Each structure stands twice: as structure tokens, then as C-alpha cells.
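Right, one structure below, let's go through it.
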Ligand SMILES: [Zn+2]
Ligand SMILES: [Zn+2]
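In our numbering, the protein residues as written are 1120 to 1260.
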């Protein structure tokens, strides 16, 4: 099912065909720097499923990851990890459509996020990571 996402000012609209390949939380320093948050929400699509419908995007590299934001309001919209994939900032998706499967780069997280998902120290083994998980404990209890 195609969905569309927009930036905060509405100038940029991006349509997404089909289902994402993966959805996850990323705790890496690059995502934290670009989002201004403790972690970011990502949905990865094949690049030919991602279409700029209107508006203008501007590119930037904050640390290592090429990214694109709305040229008018600055809302971060995409990240381009290469390998024919585009990461969408999943906080832009319609409510209820972000269904994360795991957390990545938990070893550099600023705080533990306690949930039932796998918490990979770096990345899953199928992405070339160690596949190791961190042992996050609920510090509130
Ligand atoms: Zn905008
Ligand atoms: Zn990241």
C-alpha cells in the first residue's frame, strides 16, 4: 500500500510504494546529531519505491550518512545508507504505521529503551553487524 509523508511546512511530499524492508530504532551518534533526539525512527525502502511528489529537498552530511531535508523548513526526511536503499524518518509516517522490529547501535545509546524487541549492540548479523545484543535493564524498578 502506498503511503505519503510530508515535512512540517507541507512543501515536501514523498510517496512510498509497498512495504518497508525493515523498520527499527537507531541509536547511532549520526542519527542523534541529525534528529536532536535520543534515537531516531527509521523505515528502510528500496530506492525505487521512494518518489518525491512535490517540493524541494536539500542534502547534508552531518557525520557520515548522506541525508535530505525540506529546503524550506528543514524537516529531516531521508537518509541514504547506500546499497540501493533509502531510510525514511519514520516519525513522518501516518500514525500506527511504524512497526519496529529491533533497535540498532544500542552500544552508543544515551539511555536504555525497555521493550520486547531485540537490542543490537551494533547491527543485525544479516546487515554485516555482530548480531550481539546489549542487556538493558529497567532502571525505574
Ligand atoms: Zn517543509
Ligand atoms: Zn543511526
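Where is the CB? At the ideal position from N, CA and C, for every residue including glycine. Computed from a prediction, not measured in an experiment: that's the story for all the values here.
Our two residues, residue 1238 and residue 1253, have alpha carbons roughly 6 Å apart in a direct line.
Per DSSP, residue 1177 lies in no alpha helix (DSSP H) segment; the continuous beta strand (DSSP E) that holds it begins and ends at 1176-1180.
DSSP places residue 1152 in the uninterrupted alpha helix (DSSP H) bounded by 1148-1154. Per the C-alpha coordinates, the member of 1219, 1186, 1191, 1148 positioned closest to residue 1205 is 1186. Contact between residue 1126 and residue 1189 holds: CB atoms are separated by about 4 Å, below the 8 Å threshold. About 5 Å separates the beta carbon of residue 1191 from that of residue 1128, a gap short enough to meet the 8 Å contact definition. Remark: C-beta atoms of residue 1159 and residue 1136 do not approach each other more closely than 8 Å. If you draw a straight line from the Cα of residue 1233 to the Cα of residue 1224, it comes to about 15 Å.
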